[in-house]
Amino acid sequence: MRIKIINPNTTLSMTKNIQLAGQKFVSPDTEVFAVSPSTGPASIESYYDEYLAVPGVIEEILKGDKEEKIDAYVIACFGDPGLYAAREVTDKPVVGIAEAAITVSKFLAPNFSIVSVLDRSRKMSEEMVRMHGAEDRCKSIRSTGLSVLEFDRNLEKGLKALSEVSLKAVEEDGAESILLGCAGFVSFVDDLQERLGVPVLDGVSPAVKLAEILVSMGCRTSKFLTWGYPENKQIIGYENITSLQNTRV
Numbered sequence: 005m006r007i008k009i010i011n012p013n014t015t016l017s018m019t020k021n022i023q024l025a026g027q028k029f030v031s032p033d034t035e036v037f038a039v040s041p042s043t044g045p046a047s048i049e050s051y052y053d054e055y056l057a058v059p060g061v062i063e064e065i066l067k068g069d070k071e072e073k074i075d076a077y078v079i080a081c082f083g084d085p086g087l088y089a090a091r092e093v094t095d096k097p098v099v100g101i102a103e104a105a106i107t108v109s110k111f112l113a114p115n116f117s118i119v120s121v122l123d124r125s126r127k128m129s130e131e132m133v134r135m136h137g138a139e140d141r142c143k144s145i146r147s148t149g150l151s152v153l154e155f156d157r158n159l160e161k162g163l164k165a166l167s168e169v170s171l172k173a174v175e176e177d178g179a180e181s182i183l184l185g186c187a188g189f190v191s192f193v194d195d196l197q198e199r200l201g202v203p204v205l206d207g208v209s210p211a212v213k214l215a216e217i218l219v220s221m222g223c224r225t226s227k228f229l230t231w232g233y234p235e236n237k238q239i240i241g242y243e244n245i246t247s248l249q250n251t252r253v
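Everything in the sequence shown is counted per the numbering used here, starting at 5 for the first residue and increasing by one.
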């Protein structure tokens, strides 16, 4: 089994940490590897960043189907950018890390809070929670005020900020589990779990494990209507994507 994790941003140090998190709990005979697209932003903290990242995600999935014999995909950004479009271009399972974290949290606690990056990202997190139908379980969405790249540059400062904000979510908002709202937070899970005393989920590990389960069950993405393959048409400026789509195998 081959599972491809796509980090939609282009910061390779983050991609390496995401790969380690993805490999943590899979079976020995499951190959997991992470990539960043050749195009896209260094981090994703706004609608602008997210929309610019999606074409690179789609290209990596088409490449995975055509050239790499991939069995399932994970989109490793907590906004799940391009998730539904990704499901249109492949019949392999595609799992978003926010969707996975929310799903797994339901087995562990009656509710959750999301702890994320910049204040401006809050609205995006609210829309993602609605997209996955989890408004009634979300106690709060809190931000650290730090950017994604600040966390990547200074792990100690990042852990301190996450600890403080997560503790407020537990003590003040009544959160009984914490979802880390950025794939770049994978390095902090164990420390936060110990400090907070409630379940802490990063999204990457649950997403990869869910992808592994779906493949082992022989599951495929429905191509009946909504997630059917896109119609072949000229898309100016995205020749790499359209050529991969037109030679889909």
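Glycine is no exception: its CB is placed at the ideal position from the N, C-alpha and C atoms.
Query                                                                                                                                                                : Result
So, helix, strand or coil for L183, using DSSP?                                                                                                                      : strand
What number of angstroms, rounded off, separates the C-alpha of G241 from the C-alpha of T43?                                                                        : 13 Å
Starting from I245, follow its DSSP beta bridges and name the residues at the other end.                                                                             : Answer is none; I245 lacks a bridge partner.
Going by C-alpha distance, which of E160, S167 and A215 is nearest V30?                                                                                              : A215
So I106 and V208 are supposed to be a Cβ contact under 8 Å. How far apart are they, rounded?                                                                         : Not quite, the Cβ-Cβ distance comes to about 14 Å (not below 8 Å), so this is no contact.
Do F116 and A187 have their CB atoms nearer than 9 Å?                                                                                                                : no
Could you tell me the distance, in whole angstroms, from the CA atom of N158 to the CA atom of F111?                                                                 : 33 Å
Comparing C-alpha positions only, which one of L56, P203 and S226 sits nearest to A46?                                                                               : L56
Leaving out five residues before and five after I118 in sequence, what residues of the same chain have Cβ atoms less than 6 Å from its Cβ?                           : S129, I145, L183 and G185
For L153, collect the residues of the same chain with a Cβ closer than 6 Å to its Cβ; drop the 5 residues on either side in sequence, then sort them by chain order. : S47
In the structure shown, what three-state DSSP assignment does F192 receive?                                                                                          : helix
May I have the straight-line CA-CA distance separating L66 from Q27, to the nearest angstrom?                                                                        : 22 Å
Could you pull out every residue in the same chain whose Cβ sits closer than 6 Å to the Cβ of A113, ignoring the five residues on either side in sequence?           : E180, S181 and P203
How is S151 classed by DSSP in three states: helix, strand or coil?                                                                                                  : coil
Should the stretch 126–140 be regarded as contacting the stretch 225–242, the criterion being three or more beta carbon pairs within less than 8 Å?                  : no
Thinking C-alpha only, which one of F189, I245 and T230 is nearest G162?                                                                                             : F189
Taking Cβ positions, are I9 and V212 nearer each other than 9 Å?                                                                                                     : yes
Please state whether the Cβ-Cβ distance between S226 and R199 is less than 9 Å.                                                                                      : no
Measure the beta-carbon distance from P97 to V219 and round it to whole angstroms, keeping in mind my assumption that it falls under 8 Å.                            : 6 Å
Output the distance between the C-alpha atoms of S17 and G201, rounded to the nearest integer angstrom.                                                              : 29 Å
Which runs of the beta strand (DSSP E) at least 3 residues long sit entirely within the stretch 115–182? Give them in chain order.                                   : 116–120 and 142–147
Whole angstroms is fine: what's the gap from E49's alpha carbon to V36's?                                                                                            : 26 Å
Express the C-alpha separation of L87 and V99 in angstroms, rounding to a whole number.                                                                              : 8 Å
Based on the DSSP output, what are the partners of V98 in its beta bridges?                                                                                          : Y77
What separation, rounded to the nearest whole angstrom, lies between the Cα atoms of V193 and D95?                                                                   : 32 Å
If the criterion is Cβ atoms closer than 9 Å, does the pair D53 and N13 meet it?                                                                                     : yes
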